[in-house]
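**Q** Would you mind keeping the following structure in view while I ask a few things?
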Amino acid sequence: MHPSSSTHSVIGELYVQHHGWVVQLLRRKLGNQEQALDLAQDTFVRMLRTDTHPSLREPRAYLTTIASRLCGQYFRRQALERAYMESLTALEPEHVPSPEARLLVLEALDAVGQVLDGLGSKVREVFLLSQLDGLTYPQIAERMDLTVNVVQKAMLKAYRHCYSAVYAA
1 MHPSSSTHSV
11 IGELYVQHHG
21 WVVQLLRRKL
31 GNQEQALDLA
41 QDTFVRMLRT
51 DTHPSLREPR
61 AYLTTIASRL
71 CGQYFRRQAL
81 ERAYMESLTA
91 LEPEHVPSPE
101 ARLLVLEALD
111 AVGQVLDGLG
121 SKVREVFLLS
131 QLDGLTYPQI
141 AERMDLTVNV
151 VQKAMLKAYR
161 HCYSAVYAA
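Read in order, the letters of the sequence shown correspond to residues 1 to 169 in the UniProt record's numbering.
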């Protein structure tokens, strides 16, 4: 579904009125002007892609929510990339992947990260402990102070979310 011209007009007006403010907000969070400009642009693009737009009595609150989520995704993506690059330092030089292979892995990690961003923090942590750390459900339950039943439900939710993200039309 494509946004209507009235939606474009409303978002265009919001862009004119608030873009500079969003950039400043993100620059404070990121400490980087260029990345702040990129995420500010993504904030307004995200608004264009949503099917419904709230009546914006407080547009800055709405923009802050979108920008903060994008900022969180950016930091998680950076952490994933750092962890991957650090893991490469443990490899013998002859086993280090080529730059092309590293790029493919980083793109795959980014795609996985984007899917996992759609999960709540507790569900995401349960999923990662199971799938990356190899912990059993009872071990996860003990570590997170949850019941095994709650861990099972979180995993089911995570699997359904991942399935929908991969196979949705």
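Note that the Cβ used here is the ideal one computed from N, Cα and C, for glycine as well.
Give the single residue among Val23, Glu125, Asp145 and Arg76 whose Cα lies nearest to the Cα of Gln114.
**A** For the residues Val23, Glu125, Asp145 and Arg76, the minimum Cα distance to Gln114 belongs to Arg76.
**Q** Quick one: give me the first and last residue of the alpha helix (DSSP H) that Glu34 is part of.
**A** Run containing Glu34: Gln33 to Arg49, per the alpha helix (DSSP H) assignment.
**Q** Anyone know if the C-beta pair for Ala158 and Leu129 falls short of 8 Å?
**A** The answer is no: Cβ separation not under 8 Å.
**Q** Among Gly20, Ser98 and Glu86, which has the Cα closest to the Cα of Met34?
**A** With the sequence shown as reference, residue 34 is identified as Glu, and Met is not the correct amino acid for it. Checked all of Gly20, Ser98 and Glu86; the closest Cα to Glu34 is Gly20.
**Q** Indicate whether Leu70 and Thr43 have their beta-carbon atoms separated by less than 8 Å.
**A** Going by C-beta atoms, Leu70 is nearer than 8 Å to Thr43.
**Q** Less than 8 Å between C-beta atoms, sequence neighbours within five positions excluded: which residues of the same chain meet that for residue 170?
**A** Within the shown structure, residues of the chain are numbered from 1 to 169, placing residue 170 beyond reach of any answer.
**Q** Where does residue 171 sit, in a helix, a strand or coil, going by DSSP?
**A** Outside the displayed range of the chain (1 to 169) lies residue 171, so it cannot be described from this structure.
**Q** Just mark Val45 as buried or exposed, buried being the case when its beta carbon has 16 or more other beta carbons within 10 Å.
**A** Burial call: exposed.
**Q** What does the Cβ neighbour count give for Tyr15, buried or exposed, with the cut at 16 atoms within 10 Å?
**A** That one is buried.
**Q** Please classify Asp117: does DSSP put it in a helix, a strand, or coil?
**A** Here Asp117 sits in helix by DSSP.
**Q** Tell me whether Leu116 is buried or exposed, calling it buried when 16 or more other Cβ atoms sit within 10 Å of its Cβ.
**A** It counts as buried.
**Q** Whether or not the region 55-65 and the region 101-115 are in contact is what I'm after, with contact meaning three or more pairs of Cβ atoms, one per stretch, closer than 8 Å; do they touch?
**A** Not touching, per the Cβ criterion.
**Q** Tell me where the alpha helix (DSSP H) around Ala67 begins and ends.
**A** Residues Pro59 to Thr89.
**Q** Since Pro138 is in the alpha helix (DSSP H), which residue starts that stretch and which ends it?
**A** Counting along the chain, the alpha helix (DSSP H) containing Pro138 begins and ends at Tyr137 to Met144.
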